[in-house]
Every structure is written in C-alpha cells, then in structure tokens.
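Trainee:
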Amino acid sequence: MNSKYSSLARIVSTGFMVCMFFSILLFWANAVLRRIGKEELVTKNDLGLHLAIDLGNRNLSDPNMDIIDSIVICDVRSAESDILLDHFFESQYWATTGYDLVSYPWRYHTEFNHAKVHINWHTGSGLIVIEEEQPHLKGKTLESRIRYVGPKGFSGSPDIALGRFSNPQLCSRAVPSTLFVHDTDLKVFFRIDAALETVRSESWAEKSIVTTSGVYLSKFGDLLEINAYGGGRWETDEEMHTRLEKEREDLQILDNRQQVPVGLGMQMMGMDAWGGGEENASRKKIPFGPRIRMGSTDSGPWAMDDQGTIYLIDRDTLLLSPPKGQLPRCGKEKTHTPSQLIAYRVSPLFADEQYLGLVAVSLSRDGSNAVMALFDSKGRVVDRNMSQLKKEHYQYGRVTSAARSVLDFAQPLVFSVASSLWGSRIEAIVGYRSLFVLPLSTPARIAGDRTLKVSDRVGTVIMWNVFTWCVGLLLAIAVIRDLKQRGHSSKIQNAWLFACMGFGWIAVITYLLTRPRTHFVTCTGCGRTRRTDQADCQHCEADWAMRDLQVPVWRVVG
Amino acid sequence: MSHIPILVKREVQDHAIHFVLAFILGCIASVIIYVFCKTVDSMGALVLTSGTLVFILGQLPCFMVLDAMSLARVQIAGDSRASVSAFICTLTPTRGQLFIAKWISGLVWIFLAVGPVLLTLALKGGQLGPYVPLIKPAMTGVIVLHVTGYAMGQQIGFLANKTLILVVGALFLCLLASLLVIKGLTMPCYALMVVLTVALSVRSWWAFHRMAL
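Chain order of the listed sequences is A and B. For what it's worth, this note's numbering labels the leading residue of the first sequence as 1, then goes sequentially. For what it's worth, this note's numbering labels the leading residue of the second sequence as 1001, then goes sequentially.
Written as structure tokens, this is what we have:
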C-alpha cells in the first residue's frame, strides 16, 4: 500500500466518521427543537365529528344503546416517541361519537374454559403456530396441542408442504376459532378456520394492499393470547356495570397521564352530547367513559391499497367491497399516499351489524396537519374537518422554527440537494429516522409543497442550495489559503475546493483532522513562511542555502 | 502469514484477563437464558418476559462492548508503551501481520463473549417460544456492536492524553448508542456500523503503520 493511496483512504474514512457524527448531532438537535416546539403548545385546534348528526341520528334498538361515549379515533405513537424512548410525542385524536353506538363486542361475553390459544408466526418455517394450552384440572397438566398452519392447510408437525407465509398480518380474530390473515408480501388474504382445520385464500393481483385493520404477527413474535373454544353469551347488567366501573378506574389513571397537552391535542367536539355543564371540565380533562371500539378487529376487517383507497373485506368470500372511502389528503406534499403520512387511522362504523360508514384520519408527514373525514355507507364524504398547527400559536414556535432553519443551512450542499430531490419520496415514518437525506428539512419541504407554484418551488430550492453552496465556498477559501500556505499542489487544492463546496463543514473538519503536521520557518529568500520538510520554498523556490548579501537599492539621502 | 497464529496466541496470553472476563460474562448470560428456558409458572407458561430477554440479549452484551473497547485500546497503547511491538518488529513479523493478529484476537474475544450465548440459544432457544424470532436480529446486532466497539477501541489506543481518551471514548459510545436508538436493530443500522468499522480500521491501519513503536 503506497503512502498516497493510504492518505486518500484515511481521508475518506475520516470523512465518513465526521459525516456520521455531524449527521447524528444535527438529528438530535432537530429532535430536541421539535420537542421544545410541541411541548409549549398552548393552543389546540378542534378535530372531531359529530357522528350522531352526520349519520342521521339513527335510533337503534339495542340493550347497550344508552352508552354515549368518546372514542379514540387515532392513537399515534409517532416515530419520535420511539426515538426518544418516551411518550413525549404521543398524539391522541379524540372525538365524541355523539351517537348511541352499540357495543356488541363489549356486551358479548366469551365464556372460556381456561383454555388459552397462543398464535405465533415462526419466521424460520413461515408457518403460523396455534398452540392451545389445555386447562389445568385437579393438578393434572395436559400437554399443549400444537397445530402448524401454512397457506395450504393444517398439520400436527411443521411440514414444508404446508407452504410458507412470508409476512402475515392478523386481520380479525372475532370468532375465536377463525383467523383472518393478510399476507402483506404475498398480497393474499387467508381465512383460517381452526375448528374445521381449513385454510381458504383469495388474492387481488390488481390491488396492492398496503394495510389492513389487523394486528401484525411481527417477526419479533407477538404473543396473541385469545380465549378460544368457549361459548359466548350476553353479559348480564351486573357484569356490565362491574366491568364499566373497572374500566372507568383504569381510564382515570390514563386520563391523569394525559394532563399535559400532547401532539396536536384535539379538543372534543359535540360537547352538548355530554351535557353543557361538563364542557369546561372536559376541556381540561377528557371525560372518559366506557370506550366503544370503532374499527377494532371485531368490527369488520378493512383493507387499503397503496393509493389510500379503503375497502371492506367480506369475511366469508374474502372479496373486497367497492371503495368505501379515501384517506383524506393533508399536508403539502406533492404525492399523497399512505407512505407519505406519518400516521393514519381508519375506523369502520358498525351498528347492529349494519355498516354505517367509516372515519378516516390522516396525519401529515411533519405532524402539523391532521384531517378527519367521515364517509357514509356508499363511500361519499359526509363531513370533513381539518386541524393545523400554526407556529405563531405556540410559545417558542418561531424560535425553534428559525433554529431548525439555521440547522438546515448547516447541511452540506450534497445532502441539501439530495433532500430537495428525493426527500419527499422517502416514506414518512422512515424519514424521521433518516440521517443523511432529510425529508423534514426546509429545502425538502419547499420542494414537496404542492400548494406552491412549480416555478416558486424550483426557484426557492435553487436559491436555498445556492446559499448552502456559498457557505461551502467560504469554507473552501479558508481551506485553500491554508493549503497554499502549506505548499500543496494545485491538484490537491482543487480537490479540497470541490470537497468543501460539496460537503461544507464535514470537509473542513476532515481537513483539519487529516492535514499533515508540518513545521514552518521564515524563508531567507522571500521572508514568508516555508515548510521545513521541503527542499525548496513553496513561494520563491529558494533552497536552504543562505543568500549572498546584496547591496540595497536604497540610499540614505542627506 | 505463518507468524499470525503465534502473534494471536501472544495477544491472548498478554490480555488473558479480558478473554477470561468475556467468557465468564458469556457463560453467565447463557446460564440465565438456560434457567429461563426451564422456568415455567403454574400454568406451564414461560416466566421469561420480553424485558428480561432484551436485557440478556441486549444490555448485558452492551456492557461488554466497553470491555471490547478496553481490550483494543490496551492492545494498541499497552504494546506501544511497553515497546512490545517495537521488539516484535525487529523480528520477522511485519506491522501488517501484527495488526491482523490484533484483529483476529479481537474476533476471538467476541467469539468467547457471544459463543456460549449462541450455543445455549441453538440448543435451548426453541423453548423460548414466542421470542424465537427475536433472537436472530438481536444476536446479529450484538455481534456487529462488539466488532464496531473493538474498532473504536483501537482508535482510542492511539491517543495519549487521558482527557482526550475519555472524551473520544464517550463520543464513540454516544455514536453507537445514537445509531441503535435512531435506527433500531435493523439492517440499515448494521450496514452503517459495518461501514463505520471499515472506516475506523482503515484509520487504525494507517496510524499503526506510521506510529513510533
């Protein structure tokens, strides 16, 4: 390995390390600034729908009809909450139903004989494993019954002939013995009947289903424990009241945790449904009651394609219904698909086993816009509500915003251009974890802002990158002056010029860490500094020999 | 190349305490896993929780990263201070062979630290039921983490100032922790760590070839 190659490798490797440190520093600085901005949120915008009015105040006859409840439409743990390992960025979107929704799943009590069923997906074999734990009777422990399920059927032992699920997602387990699985890789729905030990499948090749209403059988092995093989009945009033009382206590604890405004902090609408006297109290404290689950796995599976169109799935035929709604647009991005949203939620509304419509909520890539839409049973938009975070409405909002812009300026030209070009194409949830191409940086947001004219967008992004380039140029001038002083060749100077213009501070720090340590003395030829490790002066090309004394050209006059 | 096994043996003997410690810690972790594999509650379910498993597979080896860094630092700085490398270089082995021997001994250390755990998981991991799919990504992450930690330790070994050693060491640990927190136990995280390891090794190779032994 010659010394020249070694130096280049060392410079590149040092540059990568500096780049890593620089990107992580910027990442945390941005995360902290986002945190400060949202923490000081003092104004909250409403986002909610009065379902009772929107759906025509239907009066259904059901023993549970007297429950009027608030619902969690969307409970989002954003990427930031994972990153910061806390719940700072947890966002909950609340809306009152204002509607006497039936609560079938709650009133329907499953009597189980202590048999538990564990459902796991084994990545190695690609099989779903249903393990039924037998009840413990009089000290006797019976062995668990294990059934392996593949796309082609059931077996008592893992068998490759059963096929292989590649990424199954549990859609519904409403009927204890029936699993409803969507394989997101195969794009096939499977209906697994544990009682009959059959597996049915149906696929829609023309649809690219991106999500369903399911629970992921994750690769980390979610343990799904269900009470199976038991009978069901309606719970008694006493049982229901006991349950509701316990839920109130549990939710009260949760309620206390929600005292700090979080995320976009949705105020509830339709407070008259709760009684006017409670309105003020409820603005500070969400009046928890028995929650009715909308869009839970029990209320009917749904599917969404990659364009955000929502379908219902027929449990028996596994066929998709005609489009029942569309994920509402929000944010300023050019394209609008589920991957461009940091979170979304779809909640089908069922009453008395009849489909009423669905609520869909979208949260924009940067978390500043949320849109909720209500669709009727035919997929028509009944109501739509939007919420937007305005910088001027929260304390330190402008300061943190300005500080983040300054940080964006610190981004080197290469990353800034890459963010402008490809930032908006990165999946929103991945973008929060991106270190080099930043979809939430100012140039990326401007480039993806579909509310601006194309000329404005392109012009602003070019101007931004020109400013970034100017910062790099100033840094390059400083580096080249140092290089000249050290007598490096013009080839090396040009290389560092382009490196500094492209990578800005990263290149400068890399240069400082990798430049050769040399000593300087005053040149006897020209009087400027020269390196001690070179035979000739880099300025006047004088050697180390002392010059002869010369007669000065000046004379003392007078 | 025939010198390398002897050089590796020397590295292991000179820094035996690190290797023994790694093996003991690895055995402790594997015993814990074995016990949890066997322990079931009255209902016959595993007592092991995901939190405990994350601690065993994740945090315990993470503490061992510090030992990996320490070993690498001592290998570079200690040999230089005691003029061991200078003496060896007067014999037939070259600096390149010395450096490769250090890396191989580092990999041996990682094998001793992770080997018992891997062995236990291979034999008894099937009993962990729902946590089986968690094992592969977690153990991959642990191994990559150790290798990167070792490469970072080598870089620290070239520093002489104690304050600088502490500062750079803390920075490297912050970098590792940040990468894990931001990217998670995912392939992009492992890829970044591998590239980082290569970058650190290139710097170490360059420095080792030019340092005064």
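Note that the Cβ used here is the ideal one computed from N, Cα and C, for glycine as well. None of the values given here were measured: they were computed from a predicted structure.
Which residues in chain B have a C-beta closer than 9 Å to the C-beta of I24/A? List them in chain order.
Mentor: The residue you call residue 24/A lines up with position 24 of the first sequence. Those within 9 Å of I24/A in chain B are C1174, L1175, S1178, L1179 and I1182.
Trainee: Since W422/A and T442/A should fall inside the 8 Å C-beta cutoff, what is the C-beta to C-beta distance between them, to a whole number of angstroms?
Mentor: Residue 422/A sits at position 422 when you count from the first residue of the first sequence. Residue 442/A sits at position 442 when you count from the first residue of the first sequence. That pair is no contact at about 15 Å.
Trainee: Just the C-alpha distance for V1114/B and A1022/B, rounded to the nearest angstrom, thanks.
Mentor: Counting from 1 along the second sequence, the entry for residue 1114/B is found at position 114. Counting from 1 along the second sequence, the entry for residue 1022/B is found at position 22. One C-alpha to the other measures close to 8 Å.
Trainee: Specify the secondary structure class of T178/A as computed by DSSP and reduced to three states.
Mentor: Taking the first residue of the first sequence as 1, we reach residue 178/A at position 178. DSSP places T178/A in strand when its eight states are reduced to three.
Trainee: Please tell me whether L1196/B has its Cβ less than 8 Å away from any Cβ of chain A.
Mentor: Position 196 of the second sequence, counted from the start, is the residue given in the question as residue 1196/B. Chain A contact via Cβ: present.
Trainee: Please classify T184/A: does DSSP put it in a helix, a strand, or coil?
Mentor: Within the first sequence, the letter at position 184 stands for residue 184/A. Correct three-state label for T184/A: coil.
Trainee: So, with DSSP's three-state summary, where would you put A195/A?
Mentor: By 1-based counting over the first sequence, the position of residue 195/A is 195. The answer is coil: DSSP assigns A195/A none of H, G, I, E or B.
Trainee: Taking the Cβ atom as the reference point for each residue, do F22/A and I426/A lie within a distance shorter than 8 Å?
Mentor: Indexing the first sequence from 1 puts residue 22/A at position 22. Indexing the first sequence from 1 puts residue 426/A at position 426. The answer is no: Cβ separation not under 8 Å.
Trainee: What residue does the alpha helix (DSSP H) around R445/A start on, and which one ends it?
Mentor: Against the first sequence, residue 445/A aligns to sequence position 445. Start and end: T442 to A447.
Trainee: Does the CB of A1199/B have a neighbour CB from chain A at under 8 Å?
Mentor: Walking along the second sequence from the start, residue 1199/B turns up at place 199. Judged by the 8 Å Cβ criterion, A1199/B is in contact with chain A.
Trainee: Measure the C-alpha to C-alpha separation of L475/A and T468/A and round it to an integer number of angstroms.
Mentor: As a working note, residue 475/A is residue 475 in the first sequence. As a working note, residue 468/A is residue 468 in the first sequence. Going by the C-alpha atoms only, they are around 11 Å apart.
Trainee: Beta-carbon within less than 7 Å of D565/A's beta-carbon, same chain only, minus the 5 sequence neighbours each way: which residues are those?
Mentor: Given a span of 1 to 558 for chain A in the structure shown, any question on residue 565/A remains unanswerable.
Trainee: Kindly list the residues whose CB is nearer than 6 Å to the CB of M386/A, restricted to its own chain and excluding five residues on each side of it in sequence; keep chain order.
Mentor: Along the first sequence, one-based indexing puts residue 386/A at 386. These residues qualify, in order along the chain: V371.
Trainee: If I measure Cβ to Cβ from R457/A and keep anything under 7 Å in the same chain, skipping five residues before and after, which residues do I get?
Mentor: To locate residue 457/A, count along the first sequence from 1; it is residue 457. Around R457/A: I446, A447 and D449.
Trainee: Using three-state DSSP, classify V1195/B as helix, strand or coil.
Mentor: In the second sequence, residue 1195/B corresponds to position 195, counting from 1. In the structure shown, V1195/B sits in a helix (DSSP, three-state: H, G or I).
Trainee: Mark A360/A as exposed unless 16 or more other C-beta atoms lie within 10 angstroms of its C-beta, in which case mark it buried.
Mentor: Stepping through the first sequence from its first residue, residue 360/A is reached at position 360. Counting Cβ neighbours within 10 Å, A360/A comes out buried, since at least 16 surround it.
Trainee: Could you name the residues of the stretch 494 to 526 of chain A whose beta carbon sits closer than 8 Å to any beta carbon of chain B, in the order they occur along the chain?
Mentor: The residues in question: there are none.
Trainee: As a quick exercise: from C1174/B, A1151/B, K1183/B and A1086/B, pick the residue whose alpha carbon is nearest that of S1105/B.
Mentor: The sequence position of residue 1105/B within the second sequence is 105, counting from 1. Per the Cα distances, A1151/B.
Trainee: How about Y311/A and K324/A: are their beta carbons less than 8 Å apart?
Mentor: Sequence index remark: in the first sequence, residue 311/A carries index 311 (1-based). Sequence index remark: in the first sequence, residue 324/A carries index 324 (1-based). Result yes, Cβ atoms of Y311/A and K324/A sit closer than 8 Å.
Trainee: R528/A by DSSP, collapsed to three states: which one?
Mentor: Locating residue 528/A in the first sequence gives position 528, counting from the first residue. DSSP places R528/A in coil when its eight states are reduced to three.
Trainee: Pull up the distance between the alpha-carbon of T1140/B and that of G1153/B, whole angstroms please.
Mentor: Counted from its first residue, the second sequence places residue 1140/B at position 140. Counted from its first residue, the second sequence places residue 1153/B at position 153. T1140/B and G1153/B: Cα-Cα distance of roughly 20 Å.
Trainee: Chain B beta carbons: is any one of them nearer than 8 Å to that of F21/A?
Mentor: As a working note, residue 21/A is residue 21 in the first sequence. Answer yes: the Cβ-Cβ gap between F21/A and chain B drops below 8 Å somewhere.
Trainee: Should I192/A be labelled buried (16 or more other beta-carbon atoms within 10 Å of its own) or exposed?
Mentor: As a first step, residue 192/A must be located in the first sequence, where it is residue number 192. I192/A comes out buried.
Trainee: Quick one: is W1206/B near chain A, going by C-beta distance under 8 Å?
Mentor: Looking up residue 1206/B in the second sequence gives position 206. Yes - at least one Cβ of chain A is within 8 Å of the one on W1206/B.
Trainee: Taking only the alpha-carbon atoms, compute the straight-line gap between S401/A and I1135/B and give it to the nearest angstrom.
Mentor: As a working mapping, residue 401/A is identified with position 401 in the first sequence. As a working mapping, residue 1135/B is identified with position 135 in the second sequence. Whole-angstrom Cα-Cα distance: 42 Å.
Trainee: What does L1203/B touch in chain A if you count any residue whose Cβ is under 8 Å from its own?
Mentor: Taking the second sequence and counting its residues from 1, the one referred to as residue 1203/B is at position 203. Checking the displayed sequence, the identity of residue 1203/B turns out to be Arg instead of Leu. Correct list: R10, S13, T14 and M17.
Trainee: Is any beta-carbon of chain B found at less than 8 Å from that of R433/A?
Mentor: Looking up residue 433/A in the first sequence gives position 433. So, interface residue.
Trainee: Span of the beta strand (DSSP E) holding R145/A?
Mentor: The residue given as residue 145/A occupies position 145 in the first sequence. It spans R145 to G150 - the beta strand (DSSP E) in which R145/A sits, taken as one unbroken run.
Trainee: For chain B, is any of its Cβ atoms less than 8 Å away from the one on E90/A?
Mentor: On the first sequence, residue 90/A is found 90 positions in, with the first residue counted as 1. Because E90/A carries a pLDDT of 44, less than 50, the predicted location of this residue cannot be relied on, and the following value inherits that uncertainty. Answer no: the Cβ-Cβ gap between E90/A and chain B never drops below 8 Å.
Trainee: What in chain C is Cβ-close to F27/A, meaning under 8 Å?
Mentor: Protein chains A and B are contained in the structure displayed, whereas chain C is not.
Trainee: Going by DSSP, which residues form a beta bridge with A303/A?
Mentor: On the first sequence, residue 303/A is found 303 positions in, with the first residue counted as 1. According to DSSP, which records beta bridges pairwise, A303/A is partnered with T212/A and Y311/A.
Trainee: Ignoring anything shorter than 4 residues or poking outside the stretch 459 to 532 of chain A, list the alpha helix (DSSP H) runs there in chain order.
Mentor: Listed in chain order, the complete alpha helix (DSSP H) runs (minimum 4 residues) inside the stretch 459 to 532 of chain A are 490 to 503 and 505 to 514.
Trainee: In the structure shown, what three-state DSSP assignment does H1018/B receive?
Mentor: Your numbering for residue 1018/B matches position 18 in the second sequence. H1018/B: helix per DSSP, three-state reduction.
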